[in-house]
Amino acid sequence: MILHYIYDPLCGWCYGAKPLVHAAQGVLPVIAHGGGMMSGANRKAVSPQLRNYVMPHDRRIAEYTGQPFGEAYFEGLLRDDTAVFDSTPPIAAVLAAEHIAGRGLELLGRLQIAHYVEGRRIADEAVLFELAKEIGIEPDAFASAFISTDSDRHIKDSRALLARVGGQGFPTLALEQNGHFTVVDISPWLGKPQAFASWLAQSA
1 MILHYIYDPL CGWCYGAKPL VHAAQGVLPV IAHGGGMMSG ANRKAVSPQL RNYVMPHDRR
61 IAEYTGQPFG EAYFEGLLRD DTAVFDSTPP IAAVLAAEHI AGRGLELLGR LQIAHYVEGR
121 RIADEAVLFE LAKEIGIEPD AFASAFISTD SDRHIKDSRA LLARVGGQGF PTLALEQNGH
181 FTVVDISPWL GKPQAFASWL AQSA
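Using the UniProt record's numbering, read the sequence shown as starting at 1 and increasing by one per residue.
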């Protein structure tokens, strides 16, 4: 049995589900699929409109999941009108970390903290390279893998998987067994990673 995790690095509810994904990794293989919520034509410059849209959602996510959101995010990044939210570079970084070290989900978790707690620009290559180095990934190997990653193809395939399993956006978690996919409703488990892991262990 495999757990497929269709995510976006700039999706607040994916950050809310981070402890569940981490707990699931102790039970069964988890494969991450980046969906490109803010890729291509959907990239967005930070603006007062964007800030006013995401802040109430983020407050709810913090309330439901217990995940921390930092002042550097709310009062720093979300007020920085020179910043751009673009999902493609961080997805490419996750793919590179997975390709060379099997550590894509670990890097994703670090990127989520960098974005939502530390208010850093995770669409900037310099930040991505710094964070990969910070978790111990060899810089030259990472740079080479990052440059050669076909993130557009990956995003397209992730979107196709999302449609195939009948997911309703990000995050979508789906269990695969013998080629059959079952979407997991994570709403009862938000904020309860150990209970989620126990449920997964029983399902498997």
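Note that CB positions come from ideal geometry on N, CA and C, so glycine has one too.
From a predicted model like this one, the values you see are computed outputs, not experimental measurements.
Straight-line Cα distance separating residue j from residue i
{"i": "residue 206", "j": "V184", "result": "Because the chain here runs from 1 to 204, residue 206 falls outside it and cannot be looked at."}
{"i": "V127", "j": "A93", "result": "10 Å"}
{"i": "L20", "j": "G102", "result": "19 Å"}
{"i": "A143", "j": "G12", "result": "27 Å"}
{"i": "Q202", "j": "A62", "result": "28 Å"}
{"i": "W189", "j": "F196", "result": "6 Å"}
Sequence-distant residues of the same chain with beta carbon closer than 7 Å to residue i, five excluded per side
{"i": "K133", "result": "P139"}
{"i": "G191", "result": "Y64, T65 and G66"}
Nearest neighbour of residue i, chosen from the options [CA to CA]
{"i": "G169", "options": "G26, Q25, G34 and K18", "result": "G34"}
{"i": "S187", "options": "D8, G16 and L10", "result": "G16"}
{"i": "T82", "options": "G109, A163 and K44", "result": "K44"}
{"i": "V30", "options": "P48, S151 and E98", "result": "E98"}
{"i": "H115", "options": "M1, P9 and Y5", "result": "P9"}
{"i": "P193", "options": "Y7, G36, S148 and K18", "result": "K18"}
{"i": "I122", "options": "P90, I137 and A163", "result": "P90"}
Presumed contact (8 Å Cβ cut-off) between residue i and residue j, rounded CB distance
{"i": "V27", "j": "L200", "result": "5 Å"}
{"i": "I135", "j": "E176", "result": "In fact, because the Cβ distance is near 28 Å, the residues do not count as touching under 8 Å."}
{"i": "L3", "j": "A23", "result": "Not quite, the Cβ-Cβ distance comes to about 11 Å (not below 8 Å), so this is no contact."}
{"i": "M55", "j": "F74", "result": "7 Å"}
{"i": "S151", "j": "T88", "result": "5 Å"}
Cβ neighbours of residue i in the same chain (closer than 8 Å, five flanking residues each side left out)
{"i": "D157", "result": "H33"}
Cβ-based neighbour list, residue i, same chain, cut-off 6 Å, excluding 5 preceding and 5 following
{"i": "V165", "result": "A174, F181 and V183"}
{"i": "A72", "result": "E118 and G119"}
{"i": "G76", "result": "G119"}
For residue i, the residue or residues it bridges with in DSSP
{"i": "T65", "result": "Partner(s): none; T65 has no beta bridge."}
{"i": "E176", "result": "I2 and F181"}
{"i": "G76", "result": "Per DSSP, none; premise fails for G76."}
{"i": "A45", "result": "V84"}
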